[in-house]
Every structure is written in structure tokens, then in C-alpha cells.
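When we follow the working numbering, the leftmost residue of the sequence shown carries the number 88, and every step to the right adds one. Don't be surprised by glycine CBs; every beta carbon is placed ideally from N, CA and C. As the structure is a prediction and not an experimental result, all values here were calculated from the model.
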Amino acid sequence: MDDDYKYEEYSIDYSTYEDYLDAQITAQDRFYLEEDELARQLVEIGCRKGEVLSREEFAARREAAEQAKRAKLQNAPKVLASAGKDLAPFPFLRHLAAREEMVRNGKMSTIIFIRDKNQKGQEISGYIDYGHRLKIENFEPYFHRQKRLLPRPTDLSFFNWDTHHSAQNSSPNFQIIPDYEQGLLFKNTRDRKVINVDPKAEPGDNSKRVDVQTEEYIQVVIFDHMTRKKG
């Protein structure tokens, strides 16, 4: 084991500098000195073979080791929520699964329009930012069919056809642009391109509309936007 590895290991294994010093104290030290505090002081001032980190060096290496640990966790491959699920009989869930990885890594932004009935039997509809939902929710229950993906008042848009309750909200990926002539428009916050969800209009640059044929919902339309950084 080389010294750098050993000290990085100390930085992670010992929560305090005192714990680190205690690890250098031998049984013989304790026998002759009788006091751990005195033994620590002798270790700290260098009365020990080999390099002993100063308090400042220990703090710096511990912080560096923690940062490396966090970076490793962030860069670790993420298991997709849809992985290993049998979605053959469920077209909508297959569409979600096919897009999950690209949406998670930011290569694609997807808006989902859903019209269906809630648990009270009320017809609701709305536009969902798939990427935002993936970040704030665990999608395993959806792919396990334990929950149904439905619009909420916190999504891009929501309308309850029975109570006439409506809501509109911009998200981290899309800004809402109300337009009296073209209807609801969504501007992608990454490349500033506008997605038009009007079925009679083209969806816009780098965007595609997909009408999903499924018995899972009354109506499902997916708008895919291939995102590019603003030039």
C-alpha cells in the first residue's frame, strides 16, 4: 500500500484528526505514557517513524477524498427505472422506457400530453415534463404498473374538465409561452427552441410529435425535442 493511498484511506476512515492520531498509537505507547492525550501530542510533533499528517494536511486530504468519493458516485452508471421490465403489452410504457436514458442524460427533452380519468372518475388532461418528473420521482412504480402517470396541477399544464380547475407552470426544461393565436407554446430552456403542441401545426425545429396508440389512456401524445446547447 503506497503512502498516498494510505493517507487517503485515513481521511475517509477517521472522522476526526484525533481518531487519526489514535490510530498511530501503539499498545506500548499506552503502557509507558499511560495518557492518550500525551501519546497523541508525541505522534503529532513527529515522534514516530514515517510521515504523520499535520492537522491542516489531514483536513485537506479528507476534503479531497470526500470530493473524489462524491464524484465517483455521480459518475457511476445509473440503473434505469425501466430496466428489466416486461412492457410488451403496454405501448405507452414502452415509449417511456425507450426515451428514459436520453431524457435523463439531457440529449432529449420530452413533453407528454395525457388525457384520462383520475381516481374520482373526473376527466383530466395536461402536459408533463418527462425529464423533470424523472428527476423528482421514482419511476419504478410506474414501470411496475403500481401507479399510473397522470397530469398534476404542478405539471406544465393541468385541466380538470369536471371542476374546471386549471394550472400552468414552467419547469427547469420548459418555459410556458401563452399565445392567443397559436395556443400553448413551450420554449426549451436549453436551446431556446419553441415546441408547438397544436395538432394542426408543425411541432418546431428538432421536434417530433408522436400519437401513441394505446388502451392505457384516453389519449397520449408525446413531443420529443432533441436538445442542443444555445450557440
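Buried or exposed by the 16-neighbour rule on C-beta atoms within 10 Å, applied to residue i
i	result
D90	Unreliable positioning characterises D90 in this predicted model, as indicated by a pLDDT of 44, which lies under 50. The coordinate reading is nonetheless provided below. Burial call: exposed.
P259	exposed
H252	exposed
R286	In the sequence on display, residue 286 carries Pro and not Arg. That one is exposed.
R142	exposed
S169	buried
D292	exposed
V307	buried
R157	exposed
A184	buried
V62	Because residue 62 is not part of the residues shown, which for the chain are 88 to 318, the question remains open.
N225	exposed
E187	buried
F310	buried
S102	exposed
I211	buried
P228	exposed
P290	buried
Y104	buried
K93	Its pLDDT being 44, under 50, K93 is placed unreliably in this model, and the coordinates cannot settle the point.
Beta-carbon gap between residue i and residue j smaller than 8 angstroms
i	j	result
H231	K280	no
Y214	F200	yes
N256	D266	no
P178	T314	no
I294	I305	Per the sequence presented here, residue 294 reads as Ser, with Ile not at that position. Contact flag unset, no.
F261	I198	yes
H182	V299	yes
S196	N247	no
T250	Q206	no
Opening and closing residue of the alpha helix (DSSP H) in which residue i lies
i	result
I223	217-223
Boundaries (first-last residue) of the beta strand (DSSP E) holding residue i
i	result
F179	Unbroken run through F179 is the alpha helix (DSSP H), 178-191; no beta strand (DSSP E).
D203	195-204
| message | Would you call the stretch 234-254 in contact with the stretch 188-195, where contact means no fewer than 3 C-beta pairs closer than 8 angstroms? | response | Contact between the stretch 234-254 and the stretch 188-195 is absent, with fewer than three C-beta pairs closer than 8 angstroms.
| Length-filtered (3 minimum) beta strand (DSSP E) runs lying within the stretch 227-314 | Runs found: 244-247, 253-255, 261-266, 270-275, 281-283, 294-298, 306-313.
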